[in-house]
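Novice: One structure, as structure tokens, below. Some questions next.
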Amino acid sequence: MSIHQSRTPYNQDILPDLTRATSTGLQAGSNDDDEAIQGKLAEHKRRKARAQEEAWLEAERQEQAQLKEERVHAEAEVQRIEAARKAEEARKEAESWQADALVSSSTGARPNVEVMSPHCLHCTRTNTPCLHSTDSKKKHMACNQCNELKECCQWPVEGEASAGLAGDKGKRKADVTKGAGDEEDDVGEGPSTKKTGPVTSDQMERLIKVVEHMADNMAGLVTVQKEVSRNFYQFSWSYETYVEEHFEFLAPEVPSDWDTTDEEDSEVKGLNNELGGLREEEEESQSWSESGDQAGASSTGSQV
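Start counting the sequence shown at 3; every next residue gets the next number (this note's numbering).
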């Protein structure tokens with residue numbers, strides 16, 4: 003009994019209930035109803051379309067949020083730059099007022115005297131305040147220091163280094179022949195109001211390098227063209243030599259006597275035709291004479 007129970011995988015006293023296996027819901031073909039399948043497919047399509055729409059809306063929302071963030075950042079950057087510019091203008095204006103007040107208190111200048119910014123070359127080199135009388139009737143603006151020294155008031159050029167101010171001393175020429183107090187005198191030109199600046203040394207060096215590179219490229223192009231021409235000539239010569247050596251048997255050997263024209267060829271052909279006709283006539287006459295001799299001989303033989 004014990005051996006029989008050990009071989010049995012389950013308790014034989016408890017029999018399985020087979021009524022559930024024969025139910026209608028578990029029969030083959032119960033889930034193959036067309037309406038159920040179509041409903042499941044439609045539900046799957048709706049879920050898929052809803053998921054795609056939600057993903058598209060989420061991507062659109064993220065893109066709009068990113069654009070809004072970039073726009074806010076750009077507006078903040080513009081506001082920051084504008085605020086910095088206004089602060090710089092306010093600082094320069096305050097410094098100008100302070101400099102005017104300091105110069106007025108130290109030099110006893112009148113209210114109609116203003117501080118020039120930038121300073122002229124002479125005032126910059128001597129490290130003195132560059133003052134200008136606003137009630138002056140001169141055509142060109144000049145500082146009071148240059149008017150007193152009877153020199154041409156010159157201004158620094160935009161883009162030049164500060165070290166060039168001292169070297170410009172020897173280039174400037176003092177106009178000592180004209181009086182500084184005359185109203186008709188052209189003392190000097192003021193600072194340039196044009197926005198275009200002169201070419202700096204760095205720009206000139208870059209331009210020179212560009213021109214040098216262009217010249218090198220042109221020289222290289224000419225060299226390449228020469229090399230290509232020489233290679234093409236060598237190739238054509240080699241090809242001609244190869245054809246002459248390997249295909250010489252194809253060229254017919256024509257004697258120098260055969261160098262005739264088309265007219266001469268036609269005349270020779272006509273002569274040959276005439277000779278052929280004469281030869282045929284001679285052969286026909288010989289054949290007729292032979293046939294006549296044979297006929298005469300036969301007639302004489304019959305008479306005898």
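Note that CB positions come from ideal geometry on N, CA and C, so glycine has one too.
Could you please give the first and the last residue of the uninterrupted alpha helix (DSSP H) stretch that includes A221?
Specialist: Taken as a continuous stretch (DSSP letters only), the alpha helix (DSSP H) holding A221 covers S203 to H248.
Novice: From R82 to M220, what distance separates their C-alpha atoms?
Specialist: Taking the straight line from one Cα to the other gives about 50 Å.
Novice: Measuring straight from C-alpha to C-alpha, what distance separates T128 and L209?
Specialist: Approximately 36 Å between the Cα atoms of the pair.
Novice: Per DSSP, V117 forms a beta bridge with which residues?
Specialist: In the DSSP output, where bridge partners are listed per residue, V117 has L133.
Novice: I need the DSSP call for E60, collapsed to helix, strand or coil.
Specialist: Reduced to three states, the DSSP call for E60 is helix.
Novice: According to the Cβ coordinates, are C145 and C132 closer than 7 Å?
Specialist: Yes, the pair counts as a contact, with Cβ atoms nearer than the cut-off.
Novice: Should M206 be listed as close to the ligand MG, given that the test is whether its C-beta is under 6 Å from any heavy atom?
Specialist: Ligands in the displayed structure: none, and consequently the ligand MG is not present.
Novice: Beta carbon of C122, beta carbon of W157: below 7 Å?
Specialist: Yes; because the gap between Cβ atoms is below 7 Å, this pair is in contact.
Novice: What is the DSSP secondary structure of A144, reduced to helix, strand or coil?
Specialist: Three-state result, A144: coil.
Novice: Just the C-alpha distance for H215 and V230, rounded to the nearest angstrom, thanks.
Specialist: Answer to the nearest angstrom: the Cα atoms are 22 Å apart.
Novice: Compare the beta carbon distance of A101 and V117 with 7 Å and say whether it is the shorter of the two.
Specialist: Taking 7 Å as the Cβ cut-off, A101 and V117 qualify as a contacting pair.
Novice: On the premise that S119 lies in contact with S98, defined as a C-beta separation below 8 Å, what is that separation, rounded to the nearest angstrom?
Specialist: Yes, they are in contact, since the Cβ atoms of S98 and S119 sit about 7 Å apart, within 8 Å.
Novice: Would you decide whether Q305 is buried or exposed? Buried here means 16 or more other CB atoms lie within 10 Å of its CB.
Specialist: Low confidence applies here, because Q305 scores a pLDDT of 47, under 50, leaving its location unreliable and the question unanswered by this model.
Novice: Do you know offhand how far K47's Cα is from A78's?
Specialist: Between K47 and A78, the C-alpha separation is close to 46 Å.
Novice: How is K88 classed by DSSP in three states: helix, strand or coil?
Specialist: In the structure shown, K88 sits in a helix (DSSP, three-state: H, G or I).
Novice: What does the Cβ neighbour count give for N149, buried or exposed, with the cut at 16 atoms within 10 Å?
Specialist: Classification for N149: buried.
Novice: On the CB-based measure, 16 or more other CB atoms within 10 Å of its CB, does Q40 come out buried or exposed?
Specialist: Exposed.
Novice: Could you check the C-alpha separation between Q205 and K211 for me, to the nearest Å?
Specialist: Using only the alpha carbons, I get a separation of about 10 Å.
Novice: Mapping DSSP to helix, strand and coil, what is E1?
Specialist: Residue 1 falls outside the range modelled here, since the chain spans only 3 to 306, and no answer is possible.
Novice: Mapping DSSP to helix, strand and coil, what is C125?
Specialist: Note: C125 maps to helix in three-state DSSP.
Novice: Look at the alpha carbon of A58 and the alpha carbon of R49, and state the distance between them as a whole number of angstroms.
Specialist: The question names Ala, yet the displayed sequence has Trp at residue 58. Cα to Cα, the separation comes out at about 14 Å.
Novice: Is Q156 helix, strand or coil when you go by DSSP?
Specialist: Note: Q156 maps to coil in three-state DSSP.
Novice: Quick one: using the 10 Å Cβ neighbour count with 16 as the cut-off for buried, is Q147 buried or exposed?
Specialist: Under this definition Q147 is a buried residue.
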